[in-house]
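All you need for the working numbering is the position in the sequence shown, starting with 1, plus 127. No residue lacks a Cβ here, since even glycine has one placed at the ideal position from N, Cα and C. Here the structure is laid out as structure tokens; the discussion comes afterwards.
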Amino acid sequence: MTTTDPAHWSETPIETLFKETNSSKEGLSTQEAQVRLKKVGPNKIEAAKKQSFLKTFLGNFTSFMAILLWVAGIIAFIAQMTELGIAIWLVNVINGLFSFWQQYRAAQATNALQQMLPSYTKVLRDGKEAKCLVEELVPGDVVHLESGDNIPADGRLIICDSMQVNQSALTGESTTVSKEAEVLTAQQVQAAGQFAEANLVYEGTSVVSGSGDMLVLATGMQTEFGHIASLTNTVDQTKSPLEKELEVLTRQLSMIAIIIGILFFLAAIFFVHSPWVQSFIFALGMVVAFIPEGLLPTVTLSLAMAVQKMAKRNALVKHLNSVETLGETTVICSDKTGTLTKNEMTIEQVWLPSAQYEVSGTGYNFHGQVTKNQQTIDLTKETDLCQLLRIGVLDNDSSLEQKNNSLQLVGSPDEGSILVLAGKAQFDRQQAQQTYTRKSVLPFDSKRKRMTTIHQEGEKSWAFTKGGIDETLNVATQYLKNGQVLPLDDTVKQQILAKNDDFAKAGLRTLAFAYRQLTNQDTTIASVEQELIFVGLTASQDPPRDNVLEAIQTCHDASIRIIMVTGDYGLTAESIARKIGVVRGDDVRVITGEQLTAMADEDLKENLQHEIIFARVAPEQKYRVVSMLQSLGEIVASTGDGVNDAPALKKADIGVAMGITGTDVAKEAADMILADDNFTSIVNAIEEGRTVYSNIQKFLLYILNSNLPEAIPSVLFLFSRGLIPLPLTVMQILSVDLGTDMFPALGLATEKTEPGTMKRPPRKRGAHLLTRNILLKAFGWYGLMASLFSIGAYFYVNVLNGWPQVPLANGGNVYAVATTMTLAAIVFSQIGAVFNCRTTTESLFKIGFFTNRRVLFGIAFELVLISCLIYVPFLQSAFNTAAIRPQDWLYLIAIPIPVILFEELRKFFLRRRLRKADS
């Protein structure tokens, strides 16, 4: 068998390769193919080994937070609170099942690489052409390729007729590549670069036009396609930042809860001299009080709601935790073609020696016009332009077909752009084809960089040529100006080349057009492509996507860097990057793949501190860029659509694949897929991610608010050595944590994005969900107010009715009413707090009290629940509550008013201070 080195394949004569593969132009025998298939294995991509179903399922019930909830349930059972223990465990079960379902759906992605392969291919077996399953191809097979075929393996072309191949899935470049069968020199191979060898074709690419036969040299995982898949599969799945942060948070909260429990246990034993069992149950109740049982459901709901919102905005997220990771993104490594640009070549200008024309509109449609001196042209008066268009539409093998109410290109993007130009100029291509009958074609090749077609017009024979500017001028001796054919001297040539340079500096791709009348029947290249008449140039560009400028500006406002990592040329990449605002300064560094290969890690790190563009990079190099950014502490989102993007997509903290132009490989490797291929959708997703994190913090603030008023009654009981009866029982504490607080907290998970969210930089990687600011607000502000109101309610009842076990007329006692009022006061303080927690700085009166229906539903639920706890007899017995008088409700209803007003006053001064700081 032959080596798997593409350079060797290109430089070796085909006859030698036949010998190395023990094959011939007649292909293999069926028997030999079966022997080789057993030896090398099927021609398919191996899927990465996945975690077992059972392990994945159990993982959702054994996380640190899940274990905490199991323990909390056990504590409830020990405290003889069976119903609450069951409730805690049900929360855990439901949350685990929900998380597993999301993972299961994400795991339904099949082997995308294999899906890209055609099912059958045409192969020579026993000297005859036959249909063969792609999986059964082996090295040594001879495969016939035609226009529209997917290429099923890596190989060397044996014969080739005008073949052009779309390799954008491998290289990321939008242009097609011309192929030829001739052997290449080592210098030609080196100059061509990876995947650009003219005589090689690669699995996963497709034939745009022409035909040919290939000798299969590598199949399955030995192909370049397979190497990339192997690199993708070896990338370890790491925990998302949110998963890591939740682990930190649960450790923090559990340590707080355990320490508080121990302190209260010791205080109850040695200070109040309570019995050991009673002290233990009392301490366990305090531990449960400080465990945020609703954290996991709230986080899951926040993420799930964000996923739904993002889906409506064309961003499909495969993993829930990816949503929050997007919110802390600091760098986006973005491909150019198909991501920032439309992957639709569009001619923007036409230059003739006699005039210059501007062309409006983008993409493969005729919405636009051709103007000269800002005036719409009359094509009948533009003879030189008419000649250029005639050459362009006749020397052309592509077409625009009407599909689903839009034009779709079949063929080369460059040729498609010429057809669109002709349509905008109202040039009749069909009439031209009838007048000028095509007789033969001299196909484009990488040496000549020209394509010529020969046409018959009555008794006249014409050659129409298009190609690279230098290659066309080299065979031109005259030029067309205002309908006259003039000698092409060096002065005119320099003018043409200078104009070409101007277009190149602007990042535009040029194409030259020429023609001549033929006077003999010799149609060889040497005879036809000489003494041509130069007509003019077209300057085209792959246009930026709609709204991409605004999206990039939003990224800059949000302190998110964008690094273009593309397979295109450096000059083109930089021009596009400047035009759309990716880079802005004078110190922009453009690093090619070749330079990156020779660059040490320390030098790369230094370059990454500047505005930078990576051009002509290979898959492994894009992967290296992402890895290096991560080593610098960046949270990296990597976008892409091709096979070459897959390793970087999987390595990145967030891989973002294009849904329309993206290959299945990219979609499989990515965490998020853009249904509309719009860069703006990435920015929208980042905004949702930031909102999720903010909402989780709002939830944390809200549930921690009640911890202080829950703890203060126990502190009074302990420090009074039992003189003040316990103002709040353990069951009542748990009724707040697992009952009244739960639904309003879940409502905060769905709060809308606050203004200015995308004007702030991403949070620092070391930042935690539970911050000092949250603790200060929870305990020193909201919690303090709630404590004053709740303890005030306790003493209010005792002062009016006596102390502490005075019988009441309805059969109850003052103590039960007093603890009920304490519980109810905490609930009503939380009603005010949930409104306050909806915003960080914005006034509640500005966003509106009734704009979050889930919060309103939560408040209604807790009002119904607290009423049931107060008045339903069996609940009174379970939760040590008693009925309260109508006038007591006036005290409770008044509580949210000062809670909200005091907070509004604080936010007013905070906003004023922030405005002064900004100015």
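Are the CB atoms of residue j and residue i within a distance shorter than 8 Å?
| i | j | result |
| --- | --- | --- |
| Asp-669 | Asn-470 | yes |
| Ser-821 | Gln-957 | no |
| Ala-1054 | Ala-784 | Residue coverage of the chain in this structure runs from 128 to 1046, which leaves residue 1054 outside it and unanswerable. |
| Gly-454 | Arg-1038 | no |
| Ile-459 | Ile-809 | yes |
| Asn-523 | Leu-546 | yes |
| Thr-766 | Leu-855 | no |
| Asp-511 | Asn-609 | yes |
| Val-335 | Val-270 | no |
| Leu-527 | Val-477 | no |
| Cys-964 | Lys-879 | no |
Comparing C-alpha positions only, which one of the options sits nearest to residue i?
| i | options | result |
| --- | --- | --- |
| Ile-1022 | Gly-959, Gly-874 and Glu-475 | Gly-959 |
| Leu-224 | Gln-405, Phe-184 and Val-763 | Phe-184 |
| Pro-836 | Phe-417, Arg-1012, Asn-963 and Ser-970 | Phe-417 |
| Asn-1007 | Ser-862, Arg-890, Met-912 and Leu-971 | Ser-862 |
| Gly-490 | Thr-468, Lys-778 and Gly-353 | Thr-468 |
| Leu-698 | Asp-132, His-683, Val-715 and Gly-595 | Val-715 |
| Val-444 | Asn-811, Glu-263 and Trp-908 | Asn-811 |
| Ile-660 | Lys-879, Ala-704 and Ala-639 | Ala-639 |
| Asp-768 | Gln-294, Gln-611, Ile-652 and Gln-722 | Gln-294 |
| Leu-828 | Gly-760, Arg-887, Val-842 and Arg-899 | Arg-899 |
| Lys-171 | Ala-775, Val-662 and Val-265 | Val-265 |
| Ser-74 | Val-316, Asp-695, Val-334 and Ala-779 | No statement about residue 74 is possible, as the shown extent of the chain runs from 128 to 1046 and does not include it. |
| Ile-383 | Ala-280, Leu-902, Ala-394 and Val-662 | Leu-902 |
| Ala-872 | Thr-350, Asp-268, Lys-463 and Val-961 | Val-961 |
| Val-167 | Asn-734, Leu-1002 and Thr-350 | Thr-350 |
| Ile-813 | Ala-764, Gln-535 and Ile-860 | Ala-764 |
| Val-655 | Ala-666, Ala-641, Val-662 and Ser-667 | Ala-641 |
| Gly-595 | Asp-572, Gln-605 and Ser-381 | Asp-572 |
| Ala-797 | Gly-347, Ile-386 and His-446 | His-446 |
| Ser-539 | Gln-583, Glu-881, Asp-868 and Ser-333 | Ser-333 |
| Thr-681 | Val-477, Val-752 and Lys-886 | Lys-886 |
| Thr-466 | Leu-260, Asn-277, Asp-281 and Ala-704 | Ala-704 |
Have a look at residue i and residue j and give me their C-alpha separation to the nearest angstrom.
| i | j | result |
| --- | --- | --- |
| Ile-741 | Met-726 | According to the sequence shown, residue 741 is Phe rather than Ile. In a straight line, the C-alpha of Phe-741 is about 13 Å away from that of Met-726. |
| Ala-951 | Asp-864 | 13 Å |
| Ala-160 | Asp-617 | 60 Å |
| Ser-994 | Leu-915 | 22 Å |
| Leu-645 | Val-602 | 14 Å |
| Met-341 | Ile-679 | 44 Å |
| Trp-136 | Glu-307 | 13 Å |
| Leu-521 | Ser-567 | 11 Å |
| Gln-241 | Ser-156 | Residue placement at Gln-241 cannot be trusted, given a pLDDT of 36 that sits under 50; the coordinates are not used to answer. |
| Gly-664 | Ser-686 | The sequence given here places Leu at residue 664; Gly does not occur at that position. So the alpha carbons of these two residues sit roughly 41 Å apart. |
| Lys-182 | Thr-189 | 10 Å |
| Leu-615 | Arg-517 | 21 Å |
| Tyr-921 | Gly-985 | 25 Å |
| Lys-499 | Ile-474 | 15 Å |
| Thr-966 | Leu-896 | 16 Å |
| Glu-969 | Gly-910 | 21 Å |
| Asn-805 | Arg-440 | 10 Å |
| Pro-840 | Glu-795 | 55 Å |
| Gln-648 | Asp-597 | 27 Å |
| Asn-627 | Val-717 | 22 Å |
| Ser-406 | Phe-204 | 16 Å |
| Leu-831 | Ile-213 | 23 Å |
| Val-662 | Glu-733 | 48 Å |
| Ala-894 | Trp-403 | 41 Å |
| Thr-456 | Ala-433 | 16 Å |
Check your understanding: Where are the alpha helix (DSSP H) runs, 4 residues long or more, that stay fully inside the stretch 797-855, in chain order?
Key -> 806-832 and 834-846
Practice item. Would you mind listing the beta strand (DSSP E) stretches within the stretch 595-651 that are 3+ residues and don't spill past its ends, in chain order? Key: 603-608, 611-614 and 636-645
Exercise for review: Mind the definition here: the stretch 541-561 touches the stretch 474-490 only if three or more C-beta pairs lie below 8 Å; say whether that holds.
Suggested key: yes
Review point. Can you find at least 3 beta carbon pairs, one from the stretch 390-400 and one from the stretch 841-858, that sit closer than 8 Å?
Key: yes
Check your understanding: For the stretch 329-398, which segments carrying the alpha helix (DSSP H) assignment without a break, of at least 4 residues, lie completely within its bounds, in sequence order?
Key -> 351-360 and 368-397
Review point. Is it a yes or a no for the stretch 272-292 touching the stretch 318-329, going by three-plus beta-carbon pairs under 8 Å?
Key: yes
Check your understanding: Which residue spans inside the stretch 853-899 form an unbroken alpha helix (DSSP H) run of at least 4?
Key -> 857-862 and 869-875
**Study point:** Runs of alpha helix (DSSP H) wholly within the stretch 446-489 (minimum 4 residues, chain order)
**Key:** 448-454
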